[in-house]
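K.L.:
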Amino acid sequence: MNETQRFGNVYMALCAALALGAIALLLFLDKPQSLRFAKYHLPTLSVEERVQDLLSHMILEEKVGQMALIEKDSVSPTDAAFRGIGGILSGGGAKPDDNAVEGWREMVSGYVDASSRTRTGIPIVYGVDAIHGQGNTP
0 MNETQRFGNV
10 YMALCAALAL
20 GAIALLLFLD
30 KPQSLRFAKY
40 HLPTLSVEER
50 VQDLLSHMIL
60 EEKVGQMALI
70 EKDSVSPTDA
80 AFRGIGGILS
90 GGGAKPDDNA
100 VEGWREMVSG
110 YVDASSRTRT
120 GIPIVYGVDA
130 IHGQGNTP
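Numbering (numbering that gives the first Met the number 0), first residue to last: 0 to 137.
#1: How big is the Cα-Cα spacing for serine 86 and serine 75?
#2: Measure the CB-CB distance between serine 89 and lysine 62 and report whether it falls below 8 Å.
#3: Leucine 68 bridges to which residues according to DSSP?
#4: Give me the Cβ distance between alanine 79 and serine 114, rounded to the nearest whole Å; I'm assuming they're in contact under 8 Å.
#5: Which of the three DSSP states is assigned to glycine 102 in this structure?
#6: Compute the Euclidean distance between the alpha carbons of threonine 117 and isoleucine 130, then round it to the nearest angstrom.
#7: Which of the three DSSP states, helix, strand or coil, is assigned to valine 74?
#8: Glycine 64 and arginine 82: beta carbons closer than 8 Å?
#9: Do you know whose CA, among Thr3, Asp96, Ala37, lies nearest serine 55's CA?
#10: Please classify glycine 126: does DSSP put it in a helix, a strand, or coil?
#11: Going by Cα to Cα distance, which pick from Pro42, Thr43, Tyr110, Leu41 is closest to serine 73?
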């Protein structure tokens, strides 16, 4: 291999490395970043200021997810957090396997804990359909 070929190979390798680096950077920058230090976490701000700050950071998928109320047998805590679901509902007959106080606490805590680990950290709302009374709770 002569000097020109070696230079060409080094040049091509350098170009490829720069291109891969640029692609990786673009992929990283395209993802929503952690909001751990966003202003909406500051309790000294007014509710209006905190809401406006939170909404300014949220992407469309997070906003749509927050408006969704999903029946608990349709989604696991992990999937609900991944999709940014805003609320979970125990509809008629939807209860934990252990239909006792501890079973309900574990089930609801699973959803709440998973939602606290999302990018926004917005806690999930958990509801129980009890319009005509609730025969599922102990």
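Glycine is no exception: its CB is placed at the ideal position from the N, C-alpha and C atoms. The model shown is predicted, which means the values in this text are computed figures rather than measured ones.
P.N.:
Let me spell this out:
#1: It should be noted that the sequence gives glycine, not serine, for residue 86. Spanning the two alpha carbons is a distance of roughly 12 Å.
#2: no
#3: Gly86
#4: 7 Å
#5: helix
#6: 31 Å
#7: coil
#8: For the pair glycine 64 and arginine 82, the CB atoms are nearer than the 8 Å cut-off.
#9: Ala37
#10: strand
#11: Tyr110
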